[in-house]
Amino acid sequence: MTELTAPKSPLTANEFADEIRQALKYTQGVTPEQAKTADVYVATATVVRRHLMDSWMKTQQDMINGDTKAVGYLSAEFLMGKQLRNALLNAGLTPQFEEAVRGLGFDPQAVVDAEYEPGLGNGGLGRLAACFIDSLASLGVPAFGYGIQYKYGIFRQEFDDEGRQIERPDYWLSNEDPWGHIDYERDQRVNFGGKVVEENGKRVWKPSWAVRAIPVDYMVPGYASGRVNTLRLWQARSYDEFDLLTFNKSEYLDAVKPQVKAEDISKVLYPEDSTEVGKELRLEQQYFFASASIHDAIRVFYPDTDKPDLTTFADKITFQLNDTHPVIGIPELMRIMIDEYGYDWDTAWEVTHKTFNYTCHTLLPEALEVWPASLIGKLLPRHLEIIERINKQFVSELEAKGASEDQIKRMLILTDDEHPVVRMAYLATYAGSNVNGVAELHSQLLKDVTLRDFSDVYPAKFKNVTNGVTPRRFIKLANPRLSELITEGLGTDKWLEDLDLLEGLAPLAQDDEFVKKFAAVKHENKVAFADFSKQRYGAELDANTMFDTMIKRLHEYKRQALKILEIIATYSDIKSGKVNVQDITPRTYIFGAKAAPGYYLAKMTIQLINNVAKVIDNDPDVNGKIKIFFPWNYNIEVAQMLIPATELDEQISQAGKEASGTSNMKFALNGALTVGTLDGANVEIRERVGADNFFLFGMTVDEVEKMYEQGYDPSKYYEADPRLKAAIDMVADGTFSNGDRNTYAPLVSDWLTKDWFMTLADFSAYHDIQADIDALYADQLEWNRKAILNVANSGYFSSDRSIKDYLDRIWHTRSLDK
Ligand code: NBX
Numbered sequence: 011m012t013e014l015t016a017p018k019s020p021l022t023a024n025e026f027a028d029e030i031r032q033a034l035k036y037t038q039g040v041t042p043e044q045a046k047t048a049d050v051y052v053a054t055a056t057v058v059r060r061h062l063m064d065s066w067m068k069t070q071q072d073m074i075n076g077d078t079k080a081v082g083y084l085s086a087e088f089l090m091g092k093q094l095r096n097a098l099l100n101a102g103l104t105p106q107f108e109e110a111v112r113g114l115g116f117d118p119q120a121v122v123d124a125e126y127e128p129g130l131g132n133g134g135l136g137r138l139a140a141c142f143i144d145s146l147a148s149l150g151v152p153a154f155g156y157g158i159q160y161k162y163g164i165f166r167q168e169f170d171d172e173g174r175q176i177e178r179p180d181y182w183l184s185n186e187d188p189w190g191h192i193d194y195e196r197d198q199r200v201n202f203g204g205k206v207v208e209e210n211g212k213r214v215w216k217p218s219w220a221v222r223a224i225p226v227d228y229m230v231p232g233y234a235s236g237r238v239n240t241l242r243l244w245q246a247r248s249y250d251e252f253d254l255l256t257f258n259k260s261e262y263l264d265a266v267k268p269q270v271k272a273e274d275i276s277k278v279l280y281p282e283d284s285t286e287v288g289k290e291l292r293l294e295q296q297y298f299f300a301s302a303s304i305h306d307a308i309r310v311f312y313p314d315t316d317k318p319d320l321t322t323f324a325d326k327i328t329f330q331l332n333d334t335h336p337v338i339g340i341p342e343l344m345r346i347m348i349d350e351y352g353y354d355w356d357t358a359w360e361v362t363h364k365t366f367n368y369t370c371h372t373l374l375p376e377a378l379e380v381w382p383a384s385l386i387g388k389l390l391p392r393h394l395e396i397i398e399r400i401n402k403q404f405v406s407e408l409e410a411k412g413a414s415e416d417q418i419k420r421m422l423i424l425t426d427d428e429h430p431v432v433r434m435a436y437l438a439t440y441a442g443s444n445v446n447g448v449a450e451l452h453s454q455l456l457k458d459v460t461l462r463d464f465s466d467v468y469p470a471k472f473k474n475v476t477n478g479v480t481p482r483r484f485i486k487l488a489n490p491r492l493s494e495l496i497t498e499g500l501g502t503d504k505w506l507e508d509l510d511l512l513e514g515l516a517p518l519a520q521d522d523e524f525v526k527k528f529a530a531v532k533h534e535n536k537v538a539f540a541d542f543s544k545q546r547y548g549a550e551l552d553a554n555t556m557f558d559t560m561i562k563r564l565h566e567y568k569r570q571a572l573k574i575l576e577i578i579a580t581y582s583d584i585k586s587g588k589v590n591v592q593d594i595t596p597r598t599y600i601f602g603a604k605a606a607p608g609y610y611l612a613k614m615t616i617q618l619i620n621n622v623a624k625v626i627d628n629d630p631d632v633n634g635k636i637k638i639f640f641p642w643n644y645n646i647e648v649a650q651m652l653i654p655a656t657e658l659d660e661q662i663s664q665a666g667k668e669a670s671g672t673s674n675m676k677f678a679l680n681g682a683l684t685v686g687t688l689d690g691a692n693v694e695i696r697e698r699v700g701a702d703n704f705f706l707f708g709m710t711v712d713e714v715e716k717m718y719e720q721g722y723d724p725s726k727y728y729e730a731d732p733r734l735k736a737a738i739d740m741v742a743d744g745t746f747s748n749g750d751r752n753t754y755a756p757l758v759s760d761w762l763t764k765d766w767f768m769t770l771a772d773f774s775a776y777h778d779i780q781a782d783i784d785a786l787y788a789d790q791l792e793w794n795r796k797a798i799l800n801v802a803n804s805g806y807f808s809s810d811r812s813i814k815d816y817l818d819r820i821w822h823t824r825s826l827d828k
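In my numbering, each number is its position in the sequence shown, counted from 1, plus 10.
Spelled out as structure tokens, the structure:
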């Protein structure tokens with residue numbers, strides 16, 4: 011493989027092999043002969059980490075000693091994916107690794123596969139955080155990712171015999187984690203509970219319990235930058251090894267209870283991604299990592315003093331709040347400055363305001379976090395006081411600006427009703443310097459709808475930064491074949507650092523030889539995915555069918571239902587003889603999705619998809635023309651295999667609901683064509699790749715709004731479209747539930763009476779576009795030309811570009827000098 015510009019490492023393959031042997035011997039206590047593949051993985055990771063150590067230390071020193079403001083990316087989730095290949099690539103050690111490991115008698119890919127994927131995120135938001143810290147390091151911007159080292163990540167998904175989702179714990183730390191370094195000496199105390207008392211005219215918090223936050227540090231190596239940043243994930247531990255009082259009463263098991271409670275805080279990632287659960291433990295998690303991280307930043311940037319000049323804090327670091335999850339950090343910084351360091355309110359406010367910025371990732375009102383004031387008061391009484399004062403100051407400010415009473419009421423951070431709540435998005439918007447959406451359309455809708463009052467009063471705060479994805483993981487690592495072809499086509503591999511260079515591929519879309527090579531790469535990727543699916547899932551996929559993929563969390567607004575209903579309608583056409591099965595373009599429909607464990611309709615949709623798959627598979631009338639494949643436990647590893655193999659990408663959410671989407675970017679960059687609505691970043695992808703190279707369908711945001719206003723009646727669409735009616739009837743009549751009409755009754759009833767996301771209204775348009783898709787697919791040369799144009803024109807969607815936009819528009823900082 012070509013590695014033209016990755017940093018040339020001084021390490022030879024032989025030296026690498028020696029170091030692996032040493033690590034095996036001195037850290038793991040095995041000889042190379044005794045070593046298992048997993049031992050070699052751990053040893054290799056140890057060597058890579060050691061090799062990065064100097065750059066890591068230098069980056070930290072340059073950050074602390076220089077005058078470049080750092081970025082603190084505060085996020086409850088970092089969905090990193092496996093680390094080894096990424097670290098090797100960024101350290102420029104891939105060829106040496108391959109040779110060394112082979113020389114030791116092991117298969118390099120098996121060594122890489124031995125890593126257990128950490129699932130410390132739900133979906134797009136967590137993966138975005140991981141892409142962003144990769145880009146920050148690659149651009150040489152000093153940065154910390156701050157989050158939680160959950161003991162259990164996102165659940166492992168299984169399907170039972172009825173096709174229902176089962177959730178199993180994801181005990182990802184059951185084996186050694188060679189990447190994380192636990193730093194007991196740099197722990198932080200995080201207090202909870204108790205009350206606030208008046209002492210010498212000051213409000214003093216007397217907490218009733220505390221948790222020890224211990225940092226686990228992960229290196230974040232930049233690609234070809236020589237820089238290595240830090241991802242610092244906090245682990246919760248107890249201070250109370252034994253509650254002696256209880257112990258003396260010889261209630262031994264009760265004595266460890268406080269310890270268990272403390273350690274619960276970092277125990278599990280909440281698996282709900284769009285609906286709020288409002289659980290006490292979740293607020294504890296949020297405060298736990300926000301507080302520990304802010305204290306940590308003070309420790310890092312003001313070393314060797316207990317009297318830091320925090321008026322300069324905002325020049326040292328800027329905190330980006332990844333959604334509302336870390337927003338409790340705002341009153342926390344206020345409290346630290348006022349209570350712990352004796353600053354006055356106005357000084358603390360100025361610093362806090364300058365330090366924080368907020369990114370919103372949703373448009374669903376139910377996903378905007380609110381916390382009952384009573385809960386905050388119980389857990390963080392001093393913070394509630396501070397929030398009350400912020401709210402008061404806010405109201406005065408609004409009055410001074412001439413806001414109406416109504417408007418002020420709508421905007422309250424702390425509501426004034428019987429059960430007051432704190433609206434975290436409002437707190438972040440008022441207190442922070444900037445608020446941004448994650449795609450043009452989303453940012454516009456934030457201003458016009460979701461945060462309209464705020465944008466009226468504070469228009470300058472509102473920014474857009476369109477999301478992006480890292481080309482290192484999602485092109486180079488995921489798609490080595492395409493990467494080689496790109497490098498060949500461009501004559502350089504610099505595109506990995508400057509993705510705009512992909513534009514140079516556009517003329518090659520007219521070169522039939524290049525197009526054929528591109529098609530061959532896609533085909534090989536499909537074969538590879540089929541092999542993987544056979545091995546991992548026992549599935550039989552035909553690489554000569556169109557690979558049509560929908561991967562994302564299962565949610566009504568994303569409309570997996572639209573796709574499954576279209577598949578069912580096609581099946582019904584075959585059964586009724588309306589279409590001749592020979593005329594059907596063979597497609598393999600691939601789904602990957604987890605549903606929140608308590609999300610009833612989402613789980614039922616999974617069950618339906620699995621059972622449609624079964625029925626279709628076993629029906630000789632289908633003649634293998636259509637197949638559904640739903641690999642369980644979709645994760646980053648599966649994504650890296652599946653995205654390069656996909657030809658058609660489904661981005662079919664109801665317009666105005668998907669904030670951005672990021673798989674859409676990964677697909678375009680890997681040469682899939684998109685069928686999609688004008689939603690999220692689809693809009694910008696279509697603008698860039700060209701309307702001719704994108705399958706657009708469905709209602710626009712304005713049409714959706716109008717329809718809500720008019721009163722939407724889904725049953726009209728059911729009655730009007732015989733294909734839709736046939737499909738829904740099939741679900742209702744037990745075709746996919748062994749004749750049982752009850753199994754999907756709630757889903758059917760929702761479609762016919764509610765259908766909040768207007769799946770039925772968009773059904774005909776979605777069906778009509780399928781004919782265009784099939785027609786183009788029949789001309790493989792044309793299809794692949796368009797696919798190449800998707801690759802060539804998607805360079806904008808590099809997370810390097812997103813980070814540069816954050817630097818220019820929000821953070822106002824820069825790379826460290828080389
Ligand atoms: O964030 C997602 C959006 O739905 C996508 O449109 C967007 O591309 C992506 C990155 O900006 N949001 C998301 O993934 N949210 C969560 O995972 C989530 C997790 C916990 C929670 C609320 C939302 N309490």
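Every residue, glycine too, gets a C-beta built ideally from N, C-alpha and C.
(request) Leaving out five residues on either side along the sequence, give the residues of the same chain with a beta carbon under 6 Å from the beta carbon of Leu509. (result) Along the sequence shown, read from residue 1 onward, the residue named residue 509 stands at position 499. Result list for Leu509: Pro481, Gly805 and Ser808, in chain order.
(request) Provide the residue span of the beta strand (DSSP E) that contains Thr595, from first to last. (result) As a position in the sequence shown, residue 595 is number 585, starting the count at 1. No beta strand (DSSP E) holds Thr595; DSSP gives it neither H nor E.
(request) Would you mind stating whether Gln295 and Ile327 have Cβ atoms separated by less than 8 Å? (result) On the sequence shown, position 285 is the one that residue 295 refers to. On the sequence shown, position 317 is the one that residue 327 refers to. It is not a contact, given that the beta carbons lie outside the stated cut-off.
(request) Sort Val699, Phe746 and Ala669 by Cα distance to Gly690 and report the nearest one. (result) On the sequence shown, position 680 is the one that residue 690 refers to. Ranked by Cα distance from Gly690, the options Val699, Phe746 and Ala669 are led by Ala669.
(message) Shorter than 7 Å, the distance from the beta carbon of Thr476 to the closest heavy atom of the ligand NBX, or not?
(response) As a first step, residue 476 must be located in the sequence shown, where it is residue number 466. For the ligand NBX, not one heavy atom lies less than 7 Å from the Cβ of Thr476.
(request) Look up Glu660 in the DSSP assignment and say whether it is helix, strand or coil. (result) In the sequence shown, the residue the question calls residue 660 occupies position 650. Three-state result, Glu660: strand.
(message) At the level of alpha carbons, what is the spacing between Glu209 and Leu451?
(response) Translated into the one-based positions of the sequence shown, residue 209 becomes position 199. Translated into the one-based positions of the sequence shown, residue 451 becomes position 441. Taking the straight line joining both Cα atoms gives about 51 Å.
(request) Could you check which residue in Cys141, Gly173 and Gly157 has the C-alpha nearest to that of Leu618? (result) Stepping through the sequence shown from its first residue, residue 618 is reached at position 608. Looking at the Cα atoms, Gly173 is the closest of the given residues.
(request) To the nearest angstrom, report how far apart Ile616 and Ala755 are at their CA atoms. (result) The count along the sequence shown starts at 1 and reaches residue 616 at position 606. The count along the sequence shown starts at 1 and reaches residue 755 at position 745. Each residue's alpha carbon lies about 14 Å from the other.
(message) On a Cα-Cα basis, can you pick out the residue from Ala771, Ala139, Tyr440 and Asp171 that is closest to Ile397?
(response) As a position in the sequence shown, residue 397 is number 387, starting the count at 1. With distances taken between Cα atoms, Ile397 lies closest to Tyr440.
(message) Measuring only the C-alpha atoms, how far is Asn800 from Gly82?
(response) As a first step, residue 800 must be located in the sequence shown, where it is residue number 790. As a first step, residue 82 must be located in the sequence shown, where it is residue number 72. Straight-line spacing of the CA atoms in Asn800 and Gly82 works out to 33 Å.
(request) Starting from the C-beta of Tyr162, find all residues in its chain whose C-beta is less than 7 Å away, skip the five residues before and the five after it, and write them out in chain order. (result) Here residue 162 is taken as the residue at index 152 of the sequence shown, counted from 1. Hits under 7 Å: Pro179, Asp180, Tyr181, Lys277, Val278 and Leu279.
(message) For the stretch 111–130 against the stretch 33–52, do three or more pairs of beta-carbon atoms, one drawn from each stretch, fall closer than 8 Å, so that the two count as touching?
(response) The stretch 111–130, when compared against the stretch 33–52, does touch it at the 8 Å Cβ threshold.
(request) Could you tell me which uninterrupted alpha helix (DSSP H) segments, each at least 4 residues in length, are contained entirely in the stretch 95–153, listed from first to last along the chain? (result) Runs found: 104–113, 118–123 and 134–148.
(message) Closer than 7 Å to a non-hydrogen atom of the ligand NBX - does that hold for the CB of Thr8?
(response) Residue 8 is absent from the structure shown; the chain starts at 11 and stops at 828.
(message) Report the CB separation of Lys637 from Ile626 in whole angstroms; it is logged as a contact under 8 Å.
(response) As a first step, residue 637 must be located in the sequence shown, where it is residue number 627. As a first step, residue 626 must be located in the sequence shown, where it is residue number 616. That belief holds up - the Cβ atoms of Lys637 and Ile626 are roughly 7 Å apart, short of 8 Å.
(message) Beta-carbon within less than 6 Å of Gly708's beta-carbon, same chain only, minus the 5 sequence neighbours each way: which residues are those?
(response) Reading the sequence shown from its first residue, position 698 is the one you call residue 708. For Gly708, where only same-chain residues beyond five positions count, the Cβ hits under 6 Å are Thr687, Asp772 and Ala775.
(request) Select from Tyr351, Ser443, Leu390 and Arg483 the residue whose C-alpha is nearest the C-alpha of Glu290. (result) Here the question's residue 290 lines up with position 280 in the sequence shown. Nearest option by C-alpha distance: Leu390.
(message) If the criterion is Cβ atoms closer than 8 Å, does the pair Thr559 and Thr656 meet it?
(response) Indexing the sequence shown from 1 puts residue 559 at position 549. Indexing the sequence shown from 1 puts residue 656 at position 646. Taking a C-beta distance under 8 Å as the contact criterion, Thr559 and Thr656 qualify as a contact pair.
(request) List the DSSP bridge partners of Pro382. (result) Against the sequence shown, residue 382 aligns to sequence position 372. Residue pairing by DSSP puts Pro382 in a beta bridge opposite Val431.
(request) Could you tell me whether the Cβ atoms of Phe677 and Asp702 are closer together than 8 Å? (result) Taking the sequence shown and counting its residues from 1, one reaches residue 677 at position 667. Taking the sequence shown and counting its residues from 1, one reaches residue 702 at position 692. At the C-beta level, Phe677 and Asp702 stay beyond 8 Å of one another.
(request) Kindly indicate which three-state DSSP category Trp821 falls into: helix, strand or coil? (result) To locate residue 821, count along the sequence shown from 1; it is residue 811. Helix at Trp821.
(message) For the structure I just gave you, are there three or more beta carbon pairs, one from the stretch 81–98 and one from the stretch 208–226, closer than 8 Å?
(response) At 8 Å Cβ cutoff, the stretches do not touch.
(message) Quick check: what's the CA-CA separation for Thr321 versus Lys205?
(response) If you number the sequence shown from 1, residue 321 lands on position 311. If you number the sequence shown from 1, residue 205 lands on position 195. Near 28 Å, if we compare the C-alpha coordinates of Lys205 and Thr321.
(message) Need the endpoints of the beta strand (DSSP E) that Ala417 sits in, please.
(response) Looking up residue 417 in the sequence shown gives position 407. At residue 417 the sequence reads Gln, which differs from the Ala that was named. Here Gln417 belongs to no beta strand (DSSP E); instead the alpha helix (DSSP H) covers Glu415 to Met421.
(message) Within 10 Å of its beta-carbon, does Glu409 have 16 or more other beta-carbons around it, so buried, or fewer, so exposed?
(response) The count along the sequence shown starts at 1 and reaches residue 409 at position 399. The residue is exposed, with fewer than 16 neighbouring Cβ atoms inside 10 Å.
(request) Tell me whether Ala377 counts as near the ligand NBX, meaning its Cβ is closer than 7 Å to at least one heavy atom of that ligand. (result) Residue mapping note: residue 377 aligns to position 367 of the sequence shown, counting from 1. In this structure, Ala377 has its CB closer than 7 Å to one or more heavy atoms of the ligand NBX.
(message) Cutting at 7 Å between CB atoms, please list the residues of its own chain near Leu791, excluding the five before and the five after it.
(response) The residue labelled residue 791 in the question sits at position 781 within the sequence shown. The beta carbon of Leu791 sits closer than 7 Å to the beta carbons of Asp522 and Val525 from its chain, once the five residues preceding and following it are set aside; these are given in chain order.
(message) For Thr12, which residues in the same chain have their Cβ closer than 7 Å to its Cβ, ignoring the five residues on either side in sequence?
(response) The residue labelled residue 12 in the question sits at position 2 within the sequence shown. In this prediction, Thr12 has a pLDDT of 38, which is less than 50 and means its spatial position is unreliable; nothing more can be read from the coordinates.
(message) Please classify Pro845 as buried or exposed, where buried requires at least 16 other C-beta atoms within 10 Å of its C-beta.
(response) Any property of residue 845 remains undetermined from this structure, which presents the chain solely from 11 to 828.
(message) What residue range does the beta strand (DSSP E) around Trp841 cover?
(response) Since the first residue of the chain shown is 11 and the last is 828, residue 841 is not available in this structure.
(request) Output the boundary residues of the beta strand (DSSP E) element that contains Pro225. (result) For the purposes of this step, residue 225 is taken as the residue at position 215 of the sequence shown. Run containing Pro225: Trp219 to Pro231, per the beta strand (DSSP E) assignment.
(request) On a CA-only basis, which of Asp316, Ala307, Lys726 and Val685 is nearest Phe557? Give me that one, please. (result) Locating residue 557 in the sequence shown gives position 547, where the first residue counts as 1. The shortest C-alpha to C-alpha distance from Phe557 to any of Asp316, Ala307, Lys726 and Val685 is the one to Val685.
(message) Quick check: the Cα distance between Lys796 and Ser453, rounded to an integer number of angstroms?
(response) Taking the first residue of the sequence shown as position 1, residue 796 is located at position 786. Taking the first residue of the sequence shown as position 1, residue 453 is located at position 443. Going from the Cα of Lys796 to the Cα of Ser453 covers about 29 Å.
(request) Would you mind stating whether Ser301 and Glu342 have Cβ atoms separated by less than 8 Å? (result) Here residue 301 refers to the residue found at position 291 of the sequence shown. Here residue 342 refers to the residue found at position 332 of the sequence shown. Against a cut-off of 8 Å, the Cβ pair of Glu342 and Ser301 comes out as a contact.
(message) Can you tell me whether Pro313 is buried or exposed? The criterion is at least 16 other CB atoms within 10 Å of its CB, across all chains shown.
(response) Translated into the one-based positions of the sequence shown, residue 313 becomes position 303. When all chains shown are included, Pro313 counts as exposed.
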